[in-house]
């Protein structure tokens, strides 16, 4: 029974890492779609959202089964409860990648943004991809020092997020309302994606150290 119990805990860990990998790929492909107007990439992200949702449901079902059947306590209980919360963050990150892809899909065959506005979104995409990759590695290794690095990446994301609004409030803005809406939404989706990655990192830090990370 104990071997089976520890096997279930290991499976929960593996499913979390796998779900994070799906989310990372979704963000990479979503950024490709929105920057280059790649319709295939957009459609892939949109269709894969159902796969992410199913993976989250399977993970949550396993956690609930372990809670009900094994009645874990102490560290194991905290780990399982954290897994439920992390899976919710990961599922939402998948939704945000899908939202980005949907904007690219809606504007096809054109691009959502004119060339002059793409550098900020490209940079937000790079930061998001870096954070998602680090988040997956942190879930795999449970390294609190590596988890803390995501706060600095989040600061970088916030800087670019502010930059996008400076563009829109500039008197020289000539790109119309539709582009302003697209830029606002895209910037917000990337910013929220980063926030969820930090949430995951904070939970890992707490599980590893017992201390709450800075918010």
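In full-length UniProt numbering, the protein residues as written are 1 to 215.
Glycine included, each C-beta is placed from N, C-alpha and C at the ideal position.
Under a Cβ-count criterion, where at least 16 other Cβ atoms within 10 Å of its own Cβ denotes burial, should residue 2 be classed as buried or exposed?
Per the 10 Å Cβ criterion, exposed.
If distances are taken between C-alpha atoms only, which option among 115, 61, 97 and 68 comes closest to residue 29?
Checked all of 115, 61, 97 and 68; the closest Cα to residue 29 is 97.
So which of 129, 150, 140 and 107 has the shortest CA-CA distance to residue 182?
Cα-wise, what sits closest to residue 182 is 107.
Buried or exposed: residue 193, going by 16 or more other Cβ atoms within 10 Å of its Cβ?
The residue is buried, with at least 16 neighbouring Cβ atoms inside 10 Å.
Can you grab the Cα-Cα spacing for the pair residue 154 / residue 122, in whole Å?
Rounded to the nearest angstrom, the two C-alpha atoms are 15 Å apart.
With a 10 Å radius around its C-beta and 16 neighbouring C-beta atoms as the bar for buried, classify residue 73 as buried or exposed.
The residue is exposed, with fewer than 16 neighbouring Cβ atoms inside 10 Å.
Between the region 111 to 120 and the region 165 to 175, do three or more beta carbon pairs fall short of 8 Å?
As far as the Cβ criterion goes, the region 111 to 120 touches the region 165 to 175, which means the pair count is three or higher.
DSSP three-state call for residue 199: helix, strand or coil?
Helix, per DSSP.
Going by Cα to Cα distance, which pick from 145, 84 and 124 is closest to residue 60?
Residue 60 has its Cα closest to that of 84, out of 145, 84 and 124.
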